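Residue numbers (full-length UniProt numbering): 1 to 193.
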């Protein structure tokens with residue numbers, strides 16, 4: 001698949017994407033339609049809340065989640081950066097949650113990963129990087145207490161690469177004082193033909 005045209009104009013991208021669920025029996029179903037750029041996806045520790053990012057409107061959503069059926073409901077806008085400064089807040093991209101229930105969101109074009117309270121949606125902390133195109137983050141390391149952050153150099157200008165030569169690098173952040181969760185693993189079985 002692709003994420004759209006080769007050189008998309010992000011704010012005007014049509015909402016032609018969808019989010020799908022691969023059920024345990026191997027069947028595929030549409031969960032969310034009219035998505036611009038499908039990105040970050042995470043669940044609360046109790047499995048009752050799903051967080052999801054559509055980068056195009058610069059919003060993160062919260063849904064009630066039923067783990068026994070995989071169904072979502074009660075969509076609310078959890079974080080709305082649509083009217084905020086692009087250099088400061090960027091486009092929300094990938095995300096992860098820590099064991100305190102806070103969301104760590106990679107912000108493309110902003111040089112930052114921002115920690116948000118999942119209770120209020122307010123920013124609590126930010127970590128800045130020597131790259132502008134921050135794409136995703138996850139916790140790793142032996143104690144799941146290191147934040148790993150991916151960045152991109154895709155379509156970065158020559159000027160941008162001179163200013164931020166580490167664009168496209170993987171970064172590790174230690175000493176944040178929080179831990180993450182192990183990665184979710186698909187529990188169904190698939191047969192590749």
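Cβ coordinates follow ideal geometry from the N, Cα and C atoms, glycine included. For clarity, every value in this text was computed on a predicted model and none was experimentally measured.
- Here the C-alpha atom of residue 51 lies approximately 15 Å from the C-alpha atom of residue 99.
- Taken in chain order, the complete beta strand (DSSP E) segments of 3 residues or longer contained in the UniProt domain "SMP-30/Gluconolactonase/LRE-like region" (11 to 152) are 17 to 22, 28 to 35, 38 to 43, 49 to 54, 59 to 66, 71 to 80, 91 to 97, 103 to 108, 112 to 116, 123 to 128, 134 to 140, 146 to 151.
- Within the model, the alpha-carbon separation for residue 26 versus residue 103 is close to 29 Å.
- Here residue 35 has 15, 17, 18, 19, 54 as same chain residues with Cβ atoms under 7 Å from its own Cβ, once five neighbours each way along the sequence are excluded.
- One thing to note: residue 107 has its Cβ within 8 Å of the Cβ of residue 92.
- In this structure, residue 140 keeps its C-beta atom at 8 Å or more from the C-beta atom of residue 152.
- With fewer than 16 other Cβ atoms inside 10 Å of its own Cβ, residue 87 counts as exposed.
- Taking the Cα of residue 180 as reference, the smallest distance to any Cα among 59, 33, 145, 189 is reached at 145.
- Annotation for residue 187: no alpha helix (DSSP H) segment contains it, and DSSP assigns it neither H nor E.
- Between residue 162 and residue 134, the gap from beta carbon to beta carbon reaches 8 Å or more.
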